[in-house]
Amino acid sequence: EPEVTQTPSHQVTQMGQEVILRCVPISNHLYFYWYRQILGQKVEFLVSFYNNEISEKSEIFDDQFSVERPDGSNFTLKIRSTKLEDSAMYFCASNQVAGLGTDTQYFGPGTRLTVL
Amino acid sequence: DQQVKQNSPSLSVQEGRISILNCDYTNSMFDYFLWYKKYPAEGPTFLISISSIKDKNEDGRFTVFLNKSAKHLSLHIVPSQPGDSAVYFCAASAIFQGAQKLVFGQGTRLTINP
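Residue numbers (my numbering), protein chains in the order written: chain G, 1 to 116; chain B, 117 to 230.
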């Protein structure tokens, strides 16, 4: 069964460093997303991406964040200068036909980011 | 921002009995609702969904009920099994500027006791 994959599973970094989290969405999906979950809190939407551009972003997704689809399979989230409060689980998700609003998003296993 | 709320942080149910998880929402723009199950250190796994044009959707042991007038949905699991022990998230979906965005509740930790 196709699934969303994410690497690395755990990333430890120093405050101020840049990190890139990687995702491989399901191959025939067209819409890609990043969410995050700070420990003990709810899963929060960060950004959606379609047709090589951002469709929508939350207020969390400030200038320190960027997303890219560098090739036909990978979807990346970059944090330019990490802060302590960026420590969280980051989930990638994808779906096929988001435009209908009734298409299920499938999630990857997550990357645990720890900023020291 | 409490657009989607799950008021019970935890629920404990005897194996074989019915588990009922509840979720409330405030935004009338939501038109699609999903339940996800999550184990520690894993991503949310899709369980079942319902469109706002329906009031019930059933898939095996799982049934989701939607009461639009009350802005309330519930997930019924019957019979409950030990493998159902996990955190369950309710999520609501709407289209914003052509993009789908999921808004999650806080989650309910379900424990099934043998």
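Note that beta-carbon positions come from the ideal geometry of N, C-alpha and C, so glycine has one too.
Return helix, strand or coil for residue i, following the three-state DSSP convention.
{"i": "Glu-85(G)", "result": "helix"}
{"i": "Asp-71(G)", "result": "coil"}
{"i": "Asp-62(G)", "result": "coil"}
{"i": "Asp-82(B)", "result": "An answer regarding residue 82(B) cannot be provided, because it is not within the stretch 117 to 230 covered by chain B."}
{"i": "Asp-103(G)", "result": "coil"}
{"i": "Asp-175(B)", "result": "strand"}
Would you mind giving the Cβ-Cβ distance between residue i and residue j, rounded to the nearest angstrom? I have them listed as a contact below 8 Å.
{"i": "Ala-88(G)", "j": "Ile-38(G)", "result": "5 Å"}
{"i": "Phe-49(G)", "j": "Tyr-35(G)", "result": "At roughly 12 Å, the Cβ-Cβ gap does not stay under 8 Å, so Phe-49(G) and Tyr-35(G) are not in contact."}
{"i": "Pro-198(B)", "j": "Ile-164(B)", "result": "About 20 Å; that fails the 8 Å criterion."}
{"i": "Thr-82(G)", "j": "Gly-16(G)", "result": "7 Å"}
{"i": "Phe-178(G)", "j": "Gly-159(B)", "result": "The displayed coordinates of chain G run from 1 to 116. Any statement about residue 178(G) would go beyond what the structure contains."}
{"i": "Thr-142(B)", "j": "Gln-119(B)", "result": "5 Å"}
{"i": "His-29(G)", "j": "Ser-73(G)", "result": "That pair is no contact at about 11 Å."}
{"i": "Gln-222(B)", "j": "Lys-42(G)", "result": "5 Å"}
{"i": "Leu-124(G)", "j": "Gln-14(G)", "result": "There is simply no residue 124(G) to check, as chain G begins at 1 and stops at 116 in what is shown."}
{"i": "Val-180(B)", "j": "Trp-151(B)", "result": "6 Å"}
Using the beta-carbon of each residue, which ones in chain B are nearer than 7 Å to residue i?
{"i": "Thr-104(G)", "result": "Leu-150, Phe-162 and Ser-165"}
How would you list, in chain order, the residues of chain G whose beta-carbon sits under 7 Å from the beta-carbon of residue i?
{"i": "Gly-159(B)", "result": "Phe-91, Phe-107, Gly-108, Pro-109 and Gly-110"}
{"i": "Pro-222(B)", "result": "The residue you asked about is not Pro; residue 222(B) is Gln in the sequence shown. Correct list: Lys-42."}
{"i": "Leu-218(B)", "result": "Phe-45 and Gln-105"}
Please list the partners that residue i has in chain G, where partner means a Cβ-to-Cβ separation under 8 Å.
{"i": "Ala-215(B)", "result": "Tyr-31, Ser-48, Tyr-50, Ser-55, Glu-56 and Ala-98"}
Using a C-beta cutoff of 8 Å, does residue i count as contacting chain D?
{"i": "Phe-45(G)", "result": "Considering every chain present, this structure includes no chain D. Its protein chains are G and B."}
List, in chain order, every chain G residue whose beta-carbon is nearer than 9 Å to that of residue i.
{"i": "Phe-205(B)", "result": "Lys-42 and Val-43"}
Quick test of the definition: if touching needs 3 or more C-beta pairs under 8 Å, does the segment 131-149 of chain B touch the segment 192-211 of chain B? yes
Inter-stretch contact at 8 Å, needing at least 3 Cβ pairs: the segment 3-20 of chain G / the segment 104-111 of chain G: yes
At which residue ranges does the segment 120-165 of chain B contain complete alpha helix (DSSP H) runs of 4 or more residues, listed in the order of the chain? none
Flag this pair as touching only if the segment 199-211 of chain B and the segment 139-156 of chain B have three or more C-beta atom pairs under 8 Å; answer yes or no. yes
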